[in-house]
Amino acid sequence: MTSHDNIPELALDWAEAGRSVALATVVSTWGSAPRPVGSQLVIDADMEFMGSVSGGCVESAVIFEATEAMRDGTCRLLEFGVSDESAFEVGLACGGQIAVLVEPVSVGEGPSVEELRALVSARRARRPVVWEVNLSTWERRLLDRDPSDQTLEQRFRTDRSQREGDVFQGVHNPPLRLVMVGAVHIAQPLVEMARMSGYDVVLSDPRDSFASSSRFPGETFLDGWTDEALAAYGLDTRTAVVTLSHDPKIDTPALEVALGSEAFYIGALGSSRTHAKRVAALTEAGFDTETIARIDAPVGLDIGASSPAEIAVSIMAEMTERLRRPETRPGRRP
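Just so we're aligned, residue 1 is where the sequence shown starts under UniProt numbering, counting upward by one.
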């Protein structure tokens with residue numbers, strides 16, 4: 001998780017250290033906007049800040065309003081924008097508008113430290129939650145997943161915060177994770193691409209010659225054989241698994257654990273013939289056809305990729321599609 005992703009954690013740390021703190025959150029956008037709804041900025045009384053709500057266009061104005069909010073305890077809903085004809089005014093890119101909520105922490109109308117602590121606790125536990133704010137009464141609620149609430153479930157699935165009328169719902173999904181089984185050549189560009197796409201990346205490979213710091217400097221390797229490693233790590237709805245080793249002794253145990261989890265993406269490198277043998281082994285291990293169908297194999301979108309980097313691109317593209325368009329997932333359960 002980068003410093004731009006852990007704004008609630010920073011806000012809590014600063015507040016607990018005795019600093020005056022305010023949170024700024026993008027609650028709605030119209031037209032062109034450089035930062036999505038839900039993007040956040042944390043500011044202290046000395047105008048030290050972290051995060052972004054506009055990529056630099058309106059931060060100065062937001063920071064000023066935040067320092068005022070810390071003094072008077074009043075929440076603010078700020079709107080910025082520019083027309084096509086006045087692109088150099090304080091605002092966004094041409095044709096864009098943005099609404100930013102500024103909340104002083106533990107002052108007046110703002111959230112309490114206890115409320116912020118509850119949010120951070122849920123995030124640290126990888127518990128998907130929605131931070132709901134009533135923009136008229138300034139009441140706040142922390143909402144857990146509820147399968148019977150289709151609107152809320154859609155928020156979690158699409159990872160999209162949204163404002164409807166006077167209510168803003170900020171989605172706090174756990175960070176995305178990618179587990180790569182097999183520290184092979186393809187894994188090297190895939191590590192970089194996945195991290196650029198916002199994933200926390202770990203690797204699993206019991207072969208010391210492959211799982212070396214010289215080949216993957218600074219990367220995290222899970223201990224143990226692949227099935228034990230993945231089971232201990234824990235695979236949830238925000239985790240993708242890709243097997244790359246081409247060795248069934250390494251890949252198949254990992255796939256067995258992945259198929260028993262809620263991982264949103266399970267990809268396996270290998271030809272159609274290799275996958276047929278894999279399917280036979282998994283069937284013999286007791287997995288049914290519907291469950292085995294969750295595996296994307298051969299892994300990656302069919303873009304004619306040949307080099308390791310191109311194959312990594314195809315894998316990232318397929319992972320992104322499965323994440324953002326869950327209806328495309330193979331063997332999808334209703």
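Just so it is clear, CB atoms sit at the ideal spot from N, CA and C, and this is done for glycine as well. Treat the numbers as computed from the prediction; the structure is a model and nothing was measured.
Burial state of residue 55, where buried means 16 or more other Cβ atoms lie within 10 Å
Here residue 55 is exposed, its C-beta having fewer than 16 other C-beta atoms within 10 Å.
Whose CA, out of 232, 182 and 248, lies closest to the CA of residue 210?
182
Residue 40 burial status per 10 Å Cβ neighbour count (16 or more: buried)
buried
Around the C-beta of residue 150, are 16 or more other C-beta atoms found within 10 angstroms, so that it is buried, or is it exposed?
Result: exposed.
In angstroms with no decimal places, state the Cα-to-Cα distance between residue 45 and residue 166.
28 angstroms
Option nearest residue 197 by Cα separation, candidates 61, 319, 69 and 136
319
Residue 17 to residue 11, Cα distance in whole Å?
10 angstroms
Where are the alpha helix (DSSP H) runs, 4 residues long or more, that stay fully inside the stretch 103 to 155, in chain order?
113 to 124
Who does residue 255 pair with in a DSSP beta bridge?
DSSP, once it has assigned bridges, lists no residue as partnering residue 255.
Which parts of the UniProt domain "XdhC Rossmann" (178 to 319) are runs of the alpha helix (DSSP H), unbroken and 4 residues or longer, counting only runs that do not cross its ends?
Correct list: 187 to 196, 226 to 233, 248 to 259, 272 to 284 and 289 to 292.
Output needed for residue 292: all residues of its chain with C-beta closer than 8 angstroms, excluding positions within five of it in sequence on either side, in chain order.
259, 279, 282, 283 and 331
Can you list, in chain order, the residues of its chain whose CB lies under 8 angstroms from that of residue 296, leaving out five sequence neighbours each side?
265, 266, 267, 268, 318, 322 and 330
Under the assumption that residue 53 contacts residue 24 (Cβ atoms under 8 angstroms), give the Cβ distance between them as a whole number of angstroms.
5 angstroms
State the Cα-Cα distance for the pair residue 88 and residue 79, rounded to the nearest angstrom.
Note that residue 88 scores a pLDDT of 45, beneath 50, so its modelled location is shaky; the value from the coordinates is reported in the next line. Approximately 16 angstroms between the Cα atoms of the pair.
When the Cα of residue 314 is compared with those of 239, 272, 290 and 193, which residue comes out closest?
193
So, with DSSP's three-state summary, where would you put residue 20?
coil
With distances taken from CA atoms, which of 48, 234 and 5 is nearest residue 261?
234
Rounded straight-line distance, which links the Cα of residue 144 to that of residue 227
30 angstroms
Would residue 238 pass as a contact of residue 174 if the rule is Cβ separation under 7 angstroms?
yes
Distance CB(residue 9)-CB(residue 113) smaller than 7 angstroms:
no
Per DSSP, the bridge partner or partners of residue 171:
130
Is residue 210 near the ligand ADP, in the sense that its beta carbon is under 6 angstroms from a heavy atom of that ligand?
The ligand ADP is not among the ligands present in this structure, which contains no ligands whatsoever.
Bridge partner(s) assigned by DSSP for residue 7
According to DSSP, which records beta bridges pairwise, residue 7 is partnered with nothing at all.
DSSP puts residue 80 in a beta bridge; with which residues?
98
What's the call for residue 98, buried or exposed, on a 16-neighbour Cβ count within 10 Å?
buried
What residue range does the beta strand (DSSP E) around residue 44 cover?
40 to 44 is the extent of the beta strand (DSSP E) around residue 44.
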